[in-house]
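Step one of this worksheet: look at the structure below.
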Amino acid sequence: MSRYTLRYFNIQGLCEALRLLLTASGVDWTEEHPEWPREKPNQPLGHLPVLVVSNADGKGELALSETLVIERYIAREYGLLPTDNLAAARQEQLRDQLHDVWSTHMEYMHSTGERSAELVTKFEQDAECLVGMHVAALQRNGNNGHYFGDALSYVDLAAYAFFKFFSNAGPRSLEAKIGLLDYTHIPEMSKLMAVVEASRSLEPYFAAEKVNGARLATRFK
Amino acid sequence: MPSYVFRYVNAVGFGETTRLLLTAAKVEWTEESSDLEQARLDHPNGIPVVLIQKNSDGSPDVVFNKFATIERYLARTYGFLPANPEQVELQEQLRDEQSSLMKLLLSTVALGIAATQDLRDFVFTVFERCLEMFLGSRVKLLRMNGNTGYSFGSTLSYTDMAIYSFMKLFIVDFATSSKEIARRFKCKMPPELAKLAATVESDPLLEAHMSKNGRFANVFQG
Numbered sequence: 001m002s003r004y005t006l007r008y009f010n011i012q013g014l015c016e017a018l019r020l021l022l023t024a025s026g027v028d029w030t031e032e033h034p035e036w037p038r039e040k041p042n043q044p045l046g047h048l049p050v051l052v053v054s055n056a057d058g059k060g061e062l063a064l065s066e067t068l069v070i071e072r073y074i075a076r077e078y079g080l081l082p083t084d085n086l087a088a089a090r091q092e093q094l095r096d097q098l099h100d101v102w103s104t105h106m107e108y109m110h111s112t113g114e115r116s117a118e119l120v121t122k123f124e125q126d127a128e129c130l131v132g133m134h135v136a137a138l139q140r141n142g143n144n145g146h147y148f149g150d151a152l153s154y155v156d157l158a159a160y161a162f163f164k165f166f167s168n169a170g171p172r173s174l175e176a177k178i179g180l181l182d183y184t185h186i187p188e189m190s191k192l193m194a195v196v197e198a199s200r201s202l203e204p205y206f207a208a209e210k211v212n213g214a215r216l217a218t219r220f221k
Numbered sequence: 001m002p003s004y005v006f007r008y009v010n011a012v013g014f015g016e017t018t019r020l021l022l023t024a025a026k027v028e029w030t031e032e033s034s035d036l037e038q039a040r041l042d043h044p045n046g047i048p049v050v051l052i053q054k055n056s057d058g059s060p061d062v063v064f065n066k067f068a069t070i071e072r073y074l075a076r077t078y079g080f081l082p083a084n085p086e087q088v089e090l091q092e093q094l095r096d097e098q099s100s101l102m103k104l105l106l107s108t109v110a111l112g113i114a115a116t117q118d119l120r121d122f123v124f125t126v127f128e129r130c131l132e133m134f135l136g137s138r139v140k141l142l143r144m145n146g147n148t149g150y151s152f153g154s155t156l157s158y159t160d161m162a163i164y165s166f167m168k169l170f171i172v173d174f175a176t177s178s179k180e181i182a183r184r185f186k187c188k189m190p191p192e193l194a195k196l197a198a199t200v201e202s203d204p205l206l207e208a209h210m211s212k213n214g215r216f217a218n219v220f221q222g
């Protein structure tokens, strides 16, 4: 049985969906928070996150980079993405859309001047489109709190992490537009959030959060 | 057997890997292109892409609108990604890394095109450094595979088509918009990647695409 070590910062950032995936998979996993930027040259592609996959005796087998690649690997390995290519692609497309909007927001946090104004417009358009598409997907599935079927899946977890991030996006966030992603005003998404939080396979994740508190969304202070 | 409609612009852009995958898959597909300049005006926040998969009776089955999803779906469905999960991981990781770098390079170029000479020189320096890092990792991969012109084994893969498309973007699209970028890109190309480009262009699976759209690998000769 493989063991996993996630290297990242102690924030939600890019990795909350991955933490949920690892927990829901029931695998043995731990987390490290490398000293940064000192440890940058020691990572495969010079950035985080990295997921180290070890075999049973703890020796490193594989070090994976690129957040979405890592997510899909875990999701496929542990049955949270379907084996049918088309069904998997439908989930991946929804997930990619979540990531794109998140990325626009992160670019905004680092931007200044004219580029900031452009990104506000882009975020507004993309966030509205995203909510429309995701609500439609949840409604097509009977508004049972899942995007597909009646069991927890990759995109359920990715959406939970995404809306959790925007419920407290931290300083420098797009405050004027964050309300577009307030799930408490989107009944279908509120239902998903509640269903995920009630999932038995995620009890360790929510128990830890109850003890330690939720991680900050970003490193910005 | 499904058929496909690919909607994008009349340029290499981000669409070439999809075109190569559809061609190599030997599926029935057509392209509906809009004018690049008009698309840039209509969609300042990013030109949309659409791939429609149609049933055998011609009715639409599913619509994709994300490049990464489209490419992975086609690559998996038509055998251009291996079955081994770890090898799939490696190819997808290479592709995601390339996508991030492509966006960075394009942002860098956009900044440089409209700037003063000093800023352009700085931007070009950054461009070359980022490009060198990328090329270094790809050369290593090709050498590990015996410098056959393929990234893995001896047959065309998703990674090969993605790298080829990356090269074509900068050499063909930028030949008109920024000759300086195209020139710098061409000068940086190591022989291993020139060989990959020639190998992809001569692969029988892509003959139909190359005959219609032309080849560029000969720019590396001489």
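Sequence lines, in order, name chains A and D. The first sequence finishes on residue 221 if you use my numbering, and the numbering steps up by one all the way, no holes. The second sequence finishes on residue 222 if you use my numbering, and the numbering steps up by one all the way, no holes. In this text, a Cβ means the ideal position worked out from N, Cα and C, and glycines have one as well.
Cβ neighbours of residue i in the same chain (closer than 7 Å, five flanking residues each side left out)
| i | result |
| --- | --- |
| serine 99/D | Ala68 |
| arginine 115/A | none |
According to DSSP, residues forming a beta bridge with residue i
| i | result |
| --- | --- |
| threonine 5/A | Thr30/A and Val52/A |
| phenylalanine 64/D | Leu51/D |
| valine 69/A | In the DSSP output, where bridge partners are listed per residue, valine 69/A has none listed. |
| tyrosine 30/D | Before going on, a small fix: residue 30/D reads as threonine here, not tyrosine. Partner(s): Val5/D. |
DSSP-derived helix/strand/coil call for residue i
| i | result |
| --- | --- |
| tryptophan 102/A | helix |
| serine 3/D | strand |
| lysine 177/A | coil |
| glutamate 61/A | strand |
| asparagine 141/A | coil |
| proline 82/A | coil |
| aspartate 182/A | coil |
| alanine 24/A | helix |
| proline 190/D | coil |
| valine 12/D | coil |
| alanine 83/D | coil |
| glutamate 39/A | coil |
| serine 165/D | helix |
| proline 44/A | coil |
| glycine 153/D | coil |
| histidine 43/D | coil |
| threonine 148/D | coil |
| phenylalanine 220/A | coil |
| alanine 198/A | coil |
Spatially closest choice to residue i from the options, by CA coordinates
| i | options | result |
| --- | --- | --- |
| asparagine 10/A | Arg19/A, Ser2/A and Cys129/A | Arg19/A |
| glutamine 221/D | Lys140/D, Asp203/D, Ala197/D and Val5/D | Ala197/D |
| asparagine 168/A | His105/A, Gly46/A and Val69/A | His105/A |
| histidine 146/A | Ser54/A, Lys191/A and Thr121/A | Lys191/A |
| histidine 47/A | Lys210/A, Asp150/A and Leu6/A | Leu6/A |
| methionine 102/D | Lys26/D, Arg40/D, Gly15/D and Ala39/D | Gly15/D |
| glycine 26/A | Tyr205/A, Val155/A and Gly113/A | Tyr205/A |
| lysine 186/D | Asn218/D, Ala208/D and Leu156/D | Asn218/D |
| glutamine 91/A | Thr112/A, Ala75/A and Trp102/A | Ala75/A |
| methionine 274/D | Leu36/D, Gln38/D, Ser211/D and Asp57/D | A question about residue 274/D goes unanswered here, because the residues of chain D that appear run from 1 up to 222. |
| threonine 77/D | Phe148/A, Glu71/A, Asp84/A and Glu118/A | Asp84/A |
Same chain, Cβ closer than 6 Å to residue i, neighbours up to 5 away in sequence not counted
| i | result |
| --- | --- |
| phenylalanine 165/A | Gln12 and Ala217 |
| serine 2/A | Val53 |
| glutamate 192/D | Val139, Leu142 and Asn147 |
| glutamate 28/D | Ser3 |
| threonine 23/A | Leu202, Pro204 and Tyr205 |
| arginine 95/A | Val155 and Ala158 |
8 Å contact criterion, which residue i and residue j should meet: CB distance rounded
| i | j | result |
| --- | --- | --- |
| arginine 138/D | isoleucine 171/D | 15 Å between Cβ atoms; not a contact. |
| valine 123/D | threonine 108/D | 5 Å |
| asparagine 45/D | threonine 121/A | 7 Å |
| tyrosine 4/D | glutamine 53/D | 6 Å |
| threonine 23/D | leucine 206/D | 6 Å |
| methionine 189/D | leucine 20/D | With 8 Å as the limit, methionine 189/D and leucine 20/D do not qualify as a contact, their Cβ atoms being about 19 Å apart. |
| phenylalanine 123/A | lysine 210/A | Not really, about 32 Å apart at Cβ, beyond 8 Å. |
| valine 196/A | aspartate 96/D | Rounded, the Cβ-Cβ distance is 26 Å, inconsistent with contact. |
| glutamine 91/D | serine 65/A | Not a contact, Cβ separation roughly 13 Å. |
| tyrosine 150/D | threonine 199/D | 6 Å |
| arginine 184/D | glutamate 128/D | 6 Å |
| glutamate 225/A | proline 48/D | With chain A covering only 1 through 221, there is no way to say anything about residue 225/A. |
Residue i beta carbon near the ligand ADP (any heavy atom closer than 7 Å)
| i | result |
| --- | --- |
| tyrosine 158/D | Summarising the ligand content, the structure contains no ligands, and the ligand ADP is consequently not present. |
Close Cβ partners of residue i (< 8 Å) along its chain, the five nearest in sequence each way excluded
| i | result |
| --- | --- |
| cysteine 130/D | Leu101, Leu104, Leu105 and Thr108 |
| valine 12/D | Ser165, Lys168, Leu169, Val172 and Asp173 |
| leucine 62/A | Val52 and Val53 |
| valine 36/A | At residue 36/A the sequence reads tryptophan, which differs from the valine that was named. So the list reads Phe9 and Leu48, once near-sequence residues are dropped. |
| methionine 109/A | Arg172, Ser173, Thr218 and Phe220 |
| valine 62/D | Ile52 and Gln53 |
| histidine 185/A | Gly179 |
| serine 199/A | Ala24 and Leu152 |
| leucine 80/A | Leu21, Ala24, Ser25, Ile74, Leu152, Ser153, Tyr154 and Leu157 |
- At a Cβ cut of 9 Å, what residues of the region 56 to 74 of chain A count as close to chain E, listed as they run along the chain? Note that chain E does not occur in the displayed structure, where the protein chains are A and D.
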